[in-house]
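Asker: Counting in the UniProt record's numbering, the sequence shown runs from 1 upward without gaps.
Supplied in structure tokens, the structure appears directly below.
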Amino acid sequence: MGTEARSLELWRAVAVECLATFLFALVVLGAAASSNVYGSGLSVLATSIASGFAIAAIYLIFGHVS
Numbered sequence: 001m002g003t004e005a006r007s008l009e010l011w012r013a014v015a016v017e018c019l020a021t022f023l024f025a026l027v028v029l030g031a032a033a034s035s036n037v038y039g040s041g042l043s044v045l046a047t048s049i050a051s052g053f054a055i056a057a058i059y060l061i062f063g064h065v066s
């Protein structure tokens, strides 16, 4: 356990997971906030599509690290 906690790969994966989670939350909350401002009837659909594309893009960008 001691050597694993000191490995660079572990901390790189932890940093990437934090960054990916932050970016995902930023996109999803931004889509939800903008749909509430504009008040369109497709706000749930737009937020869902933004969430799906965001998770796909984040997986493609950061998936190889963690």
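Don't be surprised by glycine CBs; every beta carbon is placed ideally from N, CA and C.
S7 by DSSP, collapsed to three states: which one?
Answerer: Of the three classes helix, strand and coil, the one that applies to S7 here is coil, per DSSP.
Asker: Which residues in the same chain as I55 place their Cβ atom closer than 8 Å to its Cβ, once the five residues preceding and following it in sequence are excluded?
Answerer: So the list reads F24, once near-sequence residues are dropped.
Asker: Enumerate in chain order the residues of its own chain whose CB-to-CB distance from S35 is below 7 Å, with the five nearest sequence positions on each side excluded.
Answerer: Cβ neighbours of S35 beyond the five flanking positions: S43, A46 and T47.
Asker: What residue from F22, V28, I61 and V16 has the CA that sits closest to G52's CA?
Answerer: Per the Cα distances, V28.
Asker: Exposed or buried, which one is A31 when buried takes at least 16 other CB atoms within 10 Å?
Answerer: The residue in question, A31, is buried, as its Cβ has 16 or more Cβ neighbours within 10 Å.
Asker: Given that a residue counts as buried once 16 or more other Cβ atoms are within 10 Å of its Cβ, and exposed if not, what is A57?
Answerer: By the 10 Å Cβ count, A57 comes out exposed.
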